[in-house]
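Novice: First the structure, which I've put down as structure tokens, then a few questions once you've had a look.
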Amino acid sequence: QEMVNRIRAIWNRFDLQLDLPLIDLQHIWLIALVVRLEQTVTELDVQNGYLDDLARKTFLEVLTEALDFSLQHFVLEENLLAQMEYPELEGHARYHQRFIAGLKRHAREFNRGEADMARRLLKTLKQWLFNHIAREDREYYLYFKEQGKDTRAACQTAMRERHFNIRPEQQDLYYSITRQDRTEAESVSRESLLKMVSDIWYKYNLKIGVPMIDMQHLWLIRQVVELDYAIHHEYEARREYFNAALADAITYIKEHFSTEEKIMRHFDYEHIEEHRKQHRHFVQFVQNRNEQYKAGDEKAIFGLLHDLKEWLITHIAVEDKKLFFYFHNRRPEVLAFSRKCAEEGEFIIRRGYIKLYKTIVQEGPVTDPEDDNESANSEVTRPGAQDVRALHDDPDHLNIPATD
-6 QEMVNRIRAI WNRFDLQLDL PLIDLQHIWL IALVVRLEQT VTELDVQNGY
44 LDDLARKTFL EVLTEALDFS LQHFVLEENL LAQMEYPELE GHARYHQRFI
94 AGLKRHAREF NRGEADMARR LLKTLKQWLF NHIAREDREY YLYFKEQGKD
144 TRAACQTAMR ERHFNIRPEQ QDLYYSITRQ DRTEAESVSR ESLLKMVSDI
194 WYKYNLKIGV PMIDMQHLWL IRQVVELDYA IHHEYEARRE YFNAALADAI
244 TYIKEHFSTE EKIMRHFDYE HIEEHRKQHR HFVQFVQNRN EQYKAGDEKA
294 IFGLLHDLKE WLITHIAVED KKLFFYFHNR RPEVLAFSRK CAEEGEFIIR
344 RGYIKLYKTI VQEGPVTDPE DDNESANSEV TRPGAQDVRA LHDDPDHLNI
394 PATD
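The opening position of the sequence shown corresponds to residue -6 in my numbering, with each subsequent residue numbered one higher.
In structure tokens, the structure reads:
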């Protein structure tokens, strides 16, 4: 179950679903193999910087399976793109060829059994896979959608012609990750969610004026609202949602703190050490809740919610607000630096972040649903098909208002 929660957290956070069932199924299985490699690296028995024979053998077995399945997936995907007459097929296939060549090269280098090589290989694999699905694969999905292509029928034909088999465990994992019968806790109505997020944002005046940081803060508020909603429901739904929320919180913390601290270091923020110390304390809070929950204490759910709320009020509204005043006269420089880091892949910009930011910050406070029918009819819980790379090219693509 822990592994499934980790896969689901990655799937949702990177917004990897393309609504092409066969392709989604294979993408989920590739992510599962990456998670298995993660677990293997975590459990590696390292001696003097090298892996022992058993650890090396285990890692190579999972890596070989990932390589073999990637080849199978690429054949099916390229066959599908050819059948659908995708104009960028040749370029897309080159991405696949470079990935396979790189993975084989890393695998040969890993044969020496160096532990650091195993970690670098895993990092490379994760970055390529998630970026490729979220960017290049989404491009062909959007193209087919715009052209009105019947992608589901094409998937079925491609599968028949290439004789691909779906293993029962792959199908089970697919339905577990993309299940349609979501719990009530996972499907908080858009209207209520936006209203609560908006109320918190404006009540505590949480805007920093650095869009990259503001987007991430808004996402944390959303997590708090959804977790608060989940707590009031039955035990099974609450437990399942908490597992996903905890995995999401851990991923969020790593990304957000890294973003914030990189900006502070670059602009010589005078209170950076104290700020980093508070970050470390919060990481410890979350780790403690994780251990508490693993030990069977359900109070960890309520404790995590309390910690997140406390963080919103005491850290973001007070400590992070100091950044607002520090960056006030350097906002163009901060925007340029943020854009550069995003272009180089050092900052991760989720499409969900952007849509939530536009709705809450740029469009102003959210009114009650009955007073805002247009807002109530647009989707937010699962981000749409916006190409976030436009933000990399021009931060004003979002019409981000200047700080007062």
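Cβ atoms here follow ideal geometry from the backbone N, Cα and C, with glycine treated the same way.
With 16 other CB atoms within 10 Å as the buried threshold, where does Y167 fall?
Specialist: With 16 or more other CB atoms across the displayed protein chains lying within 10 angstroms of its CB, Y167 is buried.
Novice: Please state whether DSSP places E107 in a helix, a strand or coil.
Specialist: strand
Novice: Within 10 angstroms of its Cβ, does H249 collect 16 or more other Cβ (buried), or is it exposed?
Specialist: buried
Novice: Count Cβ pairs between the segment 194 to 207 and the segment 251 to 259 that sit closer than 8 Å; are there 3 or more?
Specialist: Because the criterion of three Cβ pairs below 8 Å is met, the segment 194 to 207 and the segment 251 to 259 touch.
Novice: Buried or exposed for A146, please, with buried defined as at least 16 other CB atoms from any protein chain shown within 10 angstroms of its CB.
Specialist: exposed
Novice: With distances taken Cα to Cα, identify the nearest neighbour of D45 among I294, P325, E107, I265.
Specialist: E107
Novice: Confirm, please, whether the CB-CB distance from V27 to K119 is below 7 Å.
Specialist: yes
Novice: In three-state DSSP terms, what is F260?
Specialist: Note: F260 maps to coil in three-state DSSP.
Novice: Excluding the 5 residues flanking V169 on each side, which residues of the same chain have their C-beta closer than 6 Å to its C-beta?
Specialist: Position check: residue 169 holds Ser in this sequence, whereas Val was assumed. These residues qualify, in order along the chain: V(-3).
Novice: Should E219 be labelled buried (16 or more other beta-carbon atoms within 10 Å of its own) or exposed?
Specialist: buried
Novice: For the candidate residues A100, E263, E81, whose alpha-carbon lies nearest to that of F137?
Specialist: E81
Novice: Is the segment 344 to 353 touching the segment 289 to 301, taking contact as three or more C-beta pairs under 8 Å?
Specialist: no
Novice: What did DSSP end up calling Q120 once you bin it into helix, strand or coil?
Specialist: helix
Novice: Measuring straight from C-alpha to C-alpha, what distance separates T307 and D221?
Specialist: Those two C-alpha atoms are separated by around 18 Å.
Novice: So for D361, helix, strand or coil by DSSP?
Specialist: Residue confidence is low: D361 scores 47 on pLDDT, short of 50, so the model does not pin down where it sits. Its coordinate-derived value is still stated next. Annotated three-state conformation of D361 is coil, per DSSP.
Novice: Under three-state DSSP, which class holds A288?
Specialist: coil
Novice: Would DSSP call E253 helix, strand or coil?
Specialist: helix
Novice: Check whether the Cβ atoms of D17 and L23 lie closer than 7 Å to each other.
Specialist: no
Novice: Taking the straight line between their C-alpha atoms, what separation do you get for S371 and L187?
Specialist: Note that S371 scores 30 on pLDDT, short of 50, meaning its location in the model is unreliable; the coordinates nonetheless yield the value given after this. When rounded, the distance between both Cα atoms is 11 Å.
Novice: Decide if G345 is buried, meaning its Cβ has at least 16 other Cβ atoms within 10 Å, or exposed.
Specialist: Looking at its Cβ environment, which holds 16 or more other Cβ atoms inside 10 Å, G345 is buried.
Novice: Following the continuous alpha helix (DSSP H) through K142, name the residue where it begins and the one where it ends.
Specialist: Careful: K142 lies outside any alpha helix (DSSP H) and carries neither H nor E.
Novice: So the candidates are Y134, T144, R101, Y88; which of them puts its Cα closest to the Cα of W121?
Specialist: Minimum Cα distance to W121 is reached at Y88.
Novice: Classify D88 as helix, strand or coil using the three-state DSSP reduction.
Specialist: Residue 88 is actually Tyr in this sequence, not Asp. The answer is helix: DSSP assigns Y88 an H, G or I state.
Novice: Expressed to the nearest angstrom, what Euclidean distance is found between the alpha-carbon atoms of G429 and F275?
Specialist: The first residue shown for the chain is -6 and the last is 397, placing residue 429 beyond what the model contains.
Novice: Apply the 10 Å Cβ neighbour rule to V190 and answer buried if 16 or more other Cβ atoms are within range, or exposed otherwise.
Specialist: buried
Novice: My understanding is that I436 touches I243, with C-beta atoms under 8 Å, so please give their C-beta distance in whole angstroms.
Specialist: In the structure displayed, the chain extends from -6 to 397; residue 436 sits before or after that span and is not available.
Novice: Is F340 near T252, with beta carbons less than 7 Å apart?
Specialist: Contact check for F340 against T252 passes: the beta carbons are separated by less than 7 Å.
Novice: Which residue wins for smallest C-alpha separation from H99, given the options K116, Q76, L13?
Specialist: K116
Novice: Does the Cβ of V327 have 16 or more other Cβ atoms within 10 Å, making it buried, or fewer, making it exposed?
Specialist: Buried: at least 16 other Cβ atoms inside 10 Å.
Novice: Give me the Cβ distance between Y133 and H85, rounded to the nearest whole Å; I'm assuming they're in contact under 8 Å.
Specialist: 7 Å
Novice: Answer yes or no: do F52 and A94 have a C-beta to C-beta separation smaller than 7 Å?
Specialist: no
Novice: Can you give me the Cβ contacts of A238 inside the same chain, cut-off strictly under 6 Å, excluding the 5 residues immediately before and after it?
Specialist: L220
Novice: So, for I21: in the same chain, excluding its five sequence neighbours on each side, which residues have a beta-carbon less than 7 Å away from its beta-carbon?
Specialist: I0, W4, L166, Y167, I170, listed in sequence order.
Novice: By Cβ distance, which residues of its chain are closer than 8 Å to L30, with the 5 residues on each side in sequence left out?
Specialist: F52, V55, L56, A59, L115, L118
Novice: May I have the straight-line CA-CA distance separating I347 from D261, to the nearest angstrom?
Specialist: 27 Å
Novice: Less than 7 Å separating the beta-carbons of A25 and D241?
Specialist: no
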